[in-house]
Amino acid sequence: MKIRDIYQLPQGEVQEDYALDEWYNTLINKDITELDISDLCRMIKQRSIFIELAIDKAIGFLKLNPLEGDVYDGQLLEVLFSVDREKITEQKEPLKEVLIDVKEKVEMDDFMSDEDFNEYIDLVEQFLTKINSY
Numbered sequence: 067m068k069i070r071d072i073y074q075l076p077q078g079e080v081q082e083d084y085a086l087d088e089w090y091n092t093l094i095n096k097d098i099t100e101l102d103i104s105d106l107c108r109m110i111k112q113r114s115i116f117i118e119l120a121i122d123k124a125i126g127f128l129k130l131n132p133l134e135g136d137v138y139d140g141q142l143l144e145v146l147f148s149v150d151r152e153k154i155t156e157q158k159e160p161l162k163e164v165l166i167d168v169k170e171k172v173e174m175d176d177f178m179s180d181e182d183f184n185e186y187i188d189l190v191e192q193f194l195t196k197i198n199s200y
């Protein structure tokens with residue numbers, strides 16, 4: 067089922083020169099299964115575009131690949147970390163499970179440098195602290 071149908075949204079007029087409007091209109095005409103990592107990162111960055119759906123799909127992507135990202139490794143987790151705690155309340159437990167799993171399974175060899183590995187693990191720790199604080 068298309069996102070537009072699920073949320074009962076009208077098709078907006080696409081304005082030339084507005085990439086965000088063009089992307090949004092393409093997005094709402096996608097089936098949920100067609101969402102890709104680029105869509106998810108952008109949805110989360112926009113903060114209000116189907117955020118619950120984006121969080122749910124992001125957790126699924128992270129279960130398969132904890133280093134998932136559109137532009138760089140780990141980007142999905144990084145943008146997800148930026149979401150307000152109130153928005154992730156319903157997904158707290160599944161997200162916590164993913165973060166614990168990531169912490170246990172991600173290895174130094176998965177990264178280009180020790181610094182990248184340490185930054186990623188620090189992000190996972192900060193995210194767990196954020197989730198556990200409420």
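According to the numbering used here, numbering within the sequence shown proceeds without interruption in unit steps and concludes at 200. Think of the CB as a built atom: it goes at the ideal place given N, C-alpha and C, for glycine as much as any other residue.
So, for D71: in the same chain, excluding its five sequence neighbours on each side, which residues have a beta-carbon less than 6 Å away from its beta-carbon? Here the question's residue 71 lines up with position 5 in the sequence shown. Result list for D71: empty, nothing under 6 Å.
ask   = Whose C-alpha, out of A124, E156, D182 and F147, is nearest the C-alpha of L194?
value = Here residue 194 is taken as the residue at index 128 of the sequence shown, counted from 1. It is F147.
query: Under the rule that 16 or more other beta-carbon atoms within 10 Å means buried, what is V137, buried or exposed?
result: Taking the sequence shown and counting its residues from 1, the one referred to as residue 137 is at position 71. That one is exposed.
Legend entry - Residues bridged to D97 [DSSP beta-bridge criterion]: Mapped onto the sequence shown, residue 97 falls at position 31. Looking at the DSSP assignment, D97 forms a beta bridge with K68.
Spatially closest choice to I110 from T155, A124 and D167, by CA coordinates: Translated into the one-based positions of the sequence shown, residue 110 becomes position 44. For the residues T155, A124 and D167, the minimum Cα distance to I110 belongs to A124.
- [ ] Please list, in chain order, all residues of the same chain as I127 whose beta carbon is under 7 Å from its beta carbon, the five residues on each side excluded.
- [x] In the sequence shown, the residue the question calls residue 127 occupies position 61. The question names Ile, but residue 127 is Phe in the sequence shown. Contacts found: I103, L106, E134 and L142.
Span of the alpha helix (DSSP H), counted from its first residue to its last, around R108: Start at 1 with the first residue of the sequence shown, and residue 108 comes out as number 42. Segment I103 to Q112, the alpha helix (DSSP H) holding R108.
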